[in-house]
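Engineer: Residue numbers (the numbering used here): 1003 to 1202.
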Ligand code: OGA
Ligand code: MN
């Protein structure tokens, strides 16, 4: 995959870019179906906040359900994972980000008003998550469903609707963001890219 100049520039100046029709309708529907099947199989767990002994579950802070995914090659989620691999390579080549491996997470907001309060995905200096890439798999998102991703930019806030086949990429250490209450089931697949210096 190729990144456009305006996408690379937006990442540098605003800390994010967005691309619609990332994989095409057919793939997007297949990804939606596989993600929904994982949810229905009961494999997702309430998302925790903080790690290790400090870990707590607080639905007022973060009300989604998550699982890590390592999809098989021939699945639609496998194709998404390969697209994320190519995205990481393109970001390293085009934006000199030096990205290595990524973790892939499926998050499901059940639609009961669950949200995720304002946060950053990483803190500078901890050399962990460098880039966040989110792919939305909501086949029929409508404004009344809510669950928009609100980005806190220097110029103000920007609401990103979690529409089918939309990709959002941002600098994990830089961009504060939140998920506003979702009033319909909401599916997102997120890749967190680590720096090349991180071994795990
Ligand atoms: C996250 C997150 C945003 C979204 O999981 O850290 O901020 O739009 N998700 O799902
Ligand atoms: Mn986040």
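Glycine included, every Cβ here is placed at the ideal spot set by N, Cα and C. As the structure is a computational prediction, the values presented were derived from the model and not from experiment.
To the nearest angstrom, report how far apart residue 1147 and residue 1071 are at their CA atoms.
Structural biologist: In a straight line, the C-alpha of residue 1147 is about 25 Å away from that of residue 1071.
Engineer: By Cβ distance, which residues of its chain are closer than 7 Å to residue 1016, with the 5 residues on each side in sequence left out?
Structural biologist: If we look at residue 1016 and ignore the five residues flanking it on each side, its Cβ neighbours are 1155.
Engineer: Measuring from the CB of residue 1031, is there a heavy atom of ligand 1 at a distance below 7 Å?
Structural biologist: Residue 1031 Cβ: outside cutoff for every heavy atom of ligand 1.
Engineer: Beta-carbon separation of residue 1018 and residue 1153 under 8 Å?
Structural biologist: In this structure, residue 1153 lies closer than 8 Å to residue 1018 by Cβ.
Engineer: Indicate whether the contact test is met: 3 or more Cβ pairs, each with one atom in the region 1172-1184 and one in the region 1077-1096, closer than 8 Å.
Structural biologist: As far as the Cβ criterion goes, the region 1172-1184 does not touch the region 1077-1096, which means the pair count is below three.
Engineer: Comparing the CB of residue 1151 with every heavy atom of ligand 1, is any distance shorter than 7 Å?
Structural biologist: Yes.
Engineer: Unbroken alpha helix (DSSP H) runs of length 4 or more, entirely within the region 1060-1140: which are they?
Structural biologist: Fully enclosed alpha helix (DSSP H) runs of 4 or longer: 1078-1097.
Engineer: Thinking C-beta only, is residue 1193 closer than 8 Å to residue 1104?
Structural biologist: Yes, the Cβ-Cβ distance between residue 1104 and residue 1193 is below 8 Å.
Engineer: Report yes if the C-beta of residue 1066 is less than 7 Å from at least one heavy atom of ligand 2; otherwise report no.
Structural biologist: No, the Cβ of residue 1066 stays beyond 7 Å of every heavy atom of ligand 2.
Engineer: Would you list the residues sitting across from residue 1161 in a DSSP beta bridge?
Structural biologist: According to DSSP, which records beta bridges pairwise, residue 1161 is partnered with 1152.
Engineer: Nearest to residue 1171 by CA position, among 1132, 1098 and 1060, is which residue?
Structural biologist: Among 1132, 1098 and 1060, the Cα nearest to that of residue 1171 belongs to 1132.
Engineer: Going by DSSP, what residue range makes up the alpha helix (DSSP H) through residue 1011?
Structural biologist: Counting along the chain, the alpha helix (DSSP H) containing residue 1011 begins and ends at 1007-1016.
Engineer: Specify which residues have a beta carbon nearer than 7 Å to any heavy atom of ligand 2, listing them in chain order.
Structural biologist: Working through the chain, the matches are 1118, 1121, 1123, 1134 and 1179.
Engineer: Would you call the CB atoms of residue 1190 and residue 1135 closer than 8 Å?
Structural biologist: No.
Engineer: Where residue 1004 and residue 1082 are concerned, what is the direct C-alpha to C-alpha distance, given to the nearest angstrom?
Structural biologist: Their backbone Cα atoms lie some 15 Å apart in a straight line.
Engineer: From residue 1008 to residue 1021, what distance separates their C-alpha atoms?
Structural biologist: Approximately 11 Å between the Cα atoms of the pair.
Engineer: Are residue 1116 and residue 1065 close, meaning C-beta to C-beta below 8 Å?
Structural biologist: Yes.
Engineer: Given this structure, state the Cα-to-Cα distance separating residue 1014 from residue 1114, to the nearest angstrom.
Structural biologist: Cα-Cα distance, rounded: 36 Å.
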